[in-house]
Structure formats: C-alpha cells, structure tokens
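Colleague: Let me begin by handing over the structure; questions about it come next.
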Amino acid sequence: MPFFSENTTDRPIGHPLVDWFIKNRRILPWRTNPSIYNRLVSEFMLQQTQVATVVPYFKRWIEQFPSIEALAGASEEQVLKAWEGLGYYSRVRNLHKTAKKIVAQQTNSINSKHFIFPKTPKEWKQLPGIGDYTAHALASIAQNQCIAAIDGNVIRVLCRIHAIQRPFESKNQAAKYVKNIAHSHIPPDESVNYNEAIMELGALICKPQKPSCNRCPIGSHCRSFQEKLDCSQIPKFKKNTYIKKIIRRIFIRNEQSIILKHTHTNRLHNIFELPLCEDISGKIPNQKINEKILYREIAKINRSIAHERITEIILEPKHLPKDFESLPKDNPELMLLPIYELPNITLSGPHRKWLDKQLFACP
Ligand code: SF4
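Per our numbering, the sequence shown runs over residues 1 to 363.
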C-alpha cells in the first residue's frame with residue numbers, strides 16, 4: 001500500500017468550510033434554538049437515524065417536553081410513546097435517565113437557578129447513553145469548547161481530504177485515527193461552526209457513494225479529488241457482515257383482536273411487537289414444510305443495522321386456529337389485545353408501520 005502523508009498544515013480546510021457552512025447550512029430546529037437541552041435531545045435522536053426522520057419527532061418532543069425538567073418528570077410510558085417509531089428504544093430510556101440525573105443534581109445543589117449540565121466530554125460520558133462522539137459533540141457544539149466531534153461523516157471527509165486508504169477494523173478505530181487531524185483543523189473561536197460544517201459537508205456534499213466534488217468548498221485542499229482517487233472506496237472498512245433471517249407471525253381476528261408480544265427484557269421493556277415464529281409454537285405447526293400451505297407471506301423487509309443484514313418475513317395464517325384466543329396462555333409474553341387499543345400502546349421499531357399496512361391498507 002502506498003504511504004500517504006497526512007500532514008495537515010498544507011490543507012487549511014477550517015476557514016473555507018466554515019464560510020461555506022454559514023451560507024449553506026440547513027435550517028434545523030435544534031440549530032434555530034441551540035439550547036443545551038435541545039442539542040442533547042437532538043444528539044440522542046440522531047444516533048443511527050437520518051435528519052429528515054428526526055425533525056418531526058424533535059418538534060413534537062420539544063412541544064411535549066420543553067425542558068429537561070419536564071422530561072425528567074415524565075413517566076416512562078409517556079417518553080416511550082413520544083419516541084415510538086424512532087426505534088432503538090435504549091436511546092430514549094438513557095435520555096430519560098440522563099435528564100433525571102441532571103435534574104436530581106440540581107435538586108441537591110443549593111441556590112442554583114439553572115440546571116447544571118456537565119462541562120467536559122469526560123463529565124458528559126458519566127451519564128447514561130452518552131459515548132465518545134455524543135460527549136464531544138455536546139461539549140463542542142452545545143458548549144463552544146475547542147474540541148473535535150467525530151462521527152461517520154467526519155471520518156469520511158477527513159480520510160478523503162488526506163487520502164487515508166488504510167483499512168479500519170471499525171468506526172471506533174477510524175475515529176481514534178483521525179482525532180488529532182480533526183482537532184488540528186479547528187479555526188480559533190470557530191469550534192461550533194467547524195464541527196457542524198464538516199458533518200454538514202459529509203451529509204450534503206461528500207456523500208458515501210457519489211461525492212459532489214465539483215461543488216465542494218474544499219476541493220482544492222482535497223488529495224483524493226486532486227489525485228482522482230476512487231472516493232467511494234475511502235474510507236475502507238474490513239467487511240464483517242452477518243446475515244440474519246427473522247420470521248414473525250401476525251394473528252388478527254375479524255379486524256378486532258390481535259396477538260402481540262409484550263416484552264419484559266431490559267431492551268424492549270414495555271414495548272409490543274409482532275410475535276416471532278418461536279413465540280407461537282406447539283399448537284401451531286411451524287415446520288418449514290407447512291409454511292407455504294398454512295401461511296401467506298404478507299411482507300418481506302430487508303434492513304441493515306451496523307454490520308448485520310436482516311430479512312424479516314411476516315406470515316399470516318390462511319385460517320386462524322380454532323383456539324386462537326387461548327394461544328397467549330402458553331406464553332406469558334403474549335397478549336390478546338383489542339385492535340382499538342393499538343393507538344395507546346408503544347410498538348417496537350417498524351411494527352406500527354407494518355400493522356397499519358395490514359389493518360388499514362396504509363402505504
Ligand atoms: S473534494 Fe470531493 S472527496 Fe474531497 S472532501 Fe470534497 S466532496 Fe469529499
């Protein structure tokens with residue numbers, strides 16, 4: 001592999017990036033009102049979720065829980081319901097716990113009028129659900145400290161600018177590798193704009209597959225562009241993909257009642273989902289040989305989470321078993337629920353979308 005210099009001094013990208021960002025940034029609600037609480041909520045929502053998906057959730061959330069105090073005082077059911085559809089529910093549980101801890105500290109302190117937020121990445125990382133990236137993003141973007149926040153967009157942009165072609169084992173390893181480079185580009189007193197700018201460039205211009213190099217404000221500083229390298233291959237990650245197949249069953253009687261799984265594990269506590277094939281076994285034949293005779297496939301969904309490629313198949317029985325209503329008795333996690341109760345419960349990930357499609361023919 002050729003050796004590429006990663007010297008940053010001849011690639012002063014900070015100022016042109018910030019100038020571009022000030023003129024081209026997207027208007028986002030957490031930018032319009034960049035309080036620490038708003039930034040905290042947006043950082044939790046943006047973990048593994050696209051900006052366009054987050055915006056309506058964020059607006060509703062801030063209406064319902066306008067302050068850290070309001071969030072800390074809400075019940076778990078309220079916060080889960082407000083989060084429904086965003087998935088990865090451990091995020092909202094951790095956000096809720098974080099709000100409670102910050103407010104509890106306030107309650108214990110004397111004569112303090114404002115909530116005391118952590119001040120350094122190290123302090124932020126003491127709170128639930130706050131890892132290295134989020135801690136640095138909050139300290140830099142929300143609190144204007146001269147610190148680089150490194151997410152996937154930043155890794156991609158920096159690896160391309162400096163033509164870093166070594167393969168990384170993981171995103172964490174890549175983040176550690178570019179940390180000093182990222183820090184060296186921060187212009188004095190521009191930490192907030194610089195960190196937002198480089199992430200925005202990654203989201204809008206320096207995209208994973210087809211970067212718009214001709215529109216890039218730092219194209220003249222970018223080695224990959226200047227040397228006509230194949231940017232879609234930068235950064236490189238060693239491939240480690242797992243393939244998983246999940247089969248779910250949907251049992252609905254006369255559009256009036258449905259069998260759902262009410263999980264009690266930490267990860268999905270208080271959240272409902274369509275039962276898995278193995279949740280309804282015994283009385284219901286589930287051997288492969290019977291699948292096509294007894295069930296029709298009503299949905300097949302492919303999705304990816306980190307290095308996992310998941311195919312979920314949803315099967316509906318062609319004829320409901322006679323003892324439909326007694327099925328939950330064999331498994332304490334199963335519940336027979338009237339359809340009219342569906343709006344009042346929290347469903348896991350994409351399950352509400354699947355049910356709406358099945359029950360109400362929603363696209
Ligand atoms: S010139 Fe192209 S590859 Fe380089 S940073 Fe800009 S968009 Fe990315």
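Glycine included, C-beta positions come from ideal geometry on N, C-alpha and C.
Note that the structure is a prediction, hence the values are computed from the model and not measured.
Quick check: the region 39-46 against the region 201-216, are there 3 or more CB pairs under 8 angstroms?
Modeller: No: fewer than three Cβ pairs fall under 8 angstroms.
Colleague: Among all the DSSP beta bridges, which residues are the ones paired with Lys210?
Modeller: Its beta-bridge partners do not exist; DSSP assigns none.
Colleague: Can you grab the Cα-Cα spacing for the pair Leu398 / Ser326, in whole Å?
Modeller: Residue 398 falls outside the range modelled here, since the chain spans only 1 to 363, and no answer is possible.
Colleague: Once you ignore the five residues that flank Gln105 on each side, which residues in its own chain have a CB closer than 7 angstroms to its CB?
Modeller: Counting only Cβ-Cβ distances below 7 angstroms, and skipping sequence neighbours, we find Ile116.
Colleague: With distance defined between alpha-carbon atoms, name the residue in Phe237, Val54, Gly152, Ile339 nearest to Gly202.
Modeller: Of the listed residues, the one whose Cα sits closest to Gly202 is Gly152.
Colleague: Counting Cβ pairs closer than 8 angstroms, one from the region 67-87 and one from the region 144-163, do we hit at least three?
Modeller: No: the two stretches stay apart, fewer than three of their Cβ pairs being nearer than 8 angstroms.
Colleague: Can the beta-carbon of Leu337 be found closer than 8 angstroms to that of Ile258?
Modeller: Yes, Cβ-Cβ distance for Leu337 and Ile258 is below 8 angstroms.
Colleague: When you compare only the Cα positions, how much space is there between Val255 and Asn344?
Modeller: This sequence places Glu at residue 255; Val is not what is there. In a straight line, the C-alpha of Glu255 is about 17 angstroms away from that of Asn344.
Colleague: So what does Ser257 bridge to, in DSSP terms?
Modeller: Answer by DSSP bridge pairing, in chain order: Arg253, Pro338.
Colleague: Taking the beta carbon of Thr134 as the centre, do at least 16 other beta carbons fall within 10 Å, making it buried, or is it exposed?
Modeller: Result: buried.
Colleague: Going by alpha carbons, who is nearest to Ala99 out of Arg248, Gly129, Ile339, Leu315?
Modeller: The candidate whose alpha carbon is nearest that of Ala99 is Gly129.
Colleague: In angstroms with no decimal places, state the Cα-to-Cα distance between Pro285 and Lys179.
Modeller: Bear in mind that a pLDDT of 48 at Pro285, under 50, signals an unreliable position, so the model cannot answer this.
Colleague: Would DSSP call Ile13 helix, strand or coil?
Modeller: Here Ile13 sits in coil by DSSP.
Colleague: Would you say the beta carbon of Cys146 comes nearer than 7 angstroms to a heavy atom of the ligand SF4?
Modeller: No, Cβ of Cys146 sits at least 7 angstroms from all heavy atoms of the ligand SF4.
Colleague: Please state whether the Cβ-Cβ distance between Tyr194 and Val18 is less than 8 angstroms.
Modeller: Yes. Within cutoff.
Colleague: Which residues in the same chain as Glu316 place their Cβ atom closer than 6 angstroms to its Cβ, once the five residues preceding and following it in sequence are excluded?
Modeller: The answer, listed in chain order, is Ile250, Arg296, Ile298.
Colleague: So is the beta-carbon of Phe21 under 7 angstroms away from any non-hydrogen atom of the ligand SF4?
Modeller: Flag unset: Cβ of Phe21 not near the ligand SF4.
Colleague: In terms of residues, what are the limits of the beta strand (DSSP E) holding Leu71?
Modeller: Note, Leu71: premise wrong, no beta strand (DSSP E); alpha helix (DSSP H) at 68-72.
Colleague: Our contact map puts Ile161 next to Arg223 with C-beta atoms below 8 angstroms; I'd like the distance itself, whole angstroms only.
Modeller: Correct: roughly 6 angstroms between the Cβ atoms.
Colleague: Name the residue from Asp189, Gln165, Asn172, Ile164 whose alpha carbon lies nearest to the alpha carbon of Gln143.
Modeller: Out of Asp189, Gln165, Asn172, Ile164, Asp189 has the C-alpha closest to the C-alpha of Gln143.
Colleague: Counting C-beta neighbours from all protein chains within 10 Å, is the total for Tyr89 16 or more, i.e. buried, or is it exposed?
Modeller: So Tyr89 ends up on the buried side.
Colleague: Which term fits Lys228, buried or exposed, when burial requires 16 or more other beta carbons within 10 angstroms of its beta carbon?
Modeller: Classification for Lys228: exposed.
Colleague: List in chain order: all unbroken alpha helix (DSSP H) runs of 4+ residues lying wholly within the region 37-101.
Modeller: Segments of the alpha helix (DSSP H) lying fully in the region 37-101: 51-64, 68-72, 76-83.
Colleague: Check whether the Cβ of Arg93 sits closer than 7 angstroms to any heavy atom of the ligand SF4, and report yes or no.
Modeller: Outside the cutoff, so no.
Colleague: Considering Cα atoms alone, identify which of Asn94, Ile155, Leu138 is closest to Leu127.
Modeller: Closest option to Leu127, Cα to Cα, is Asn94.
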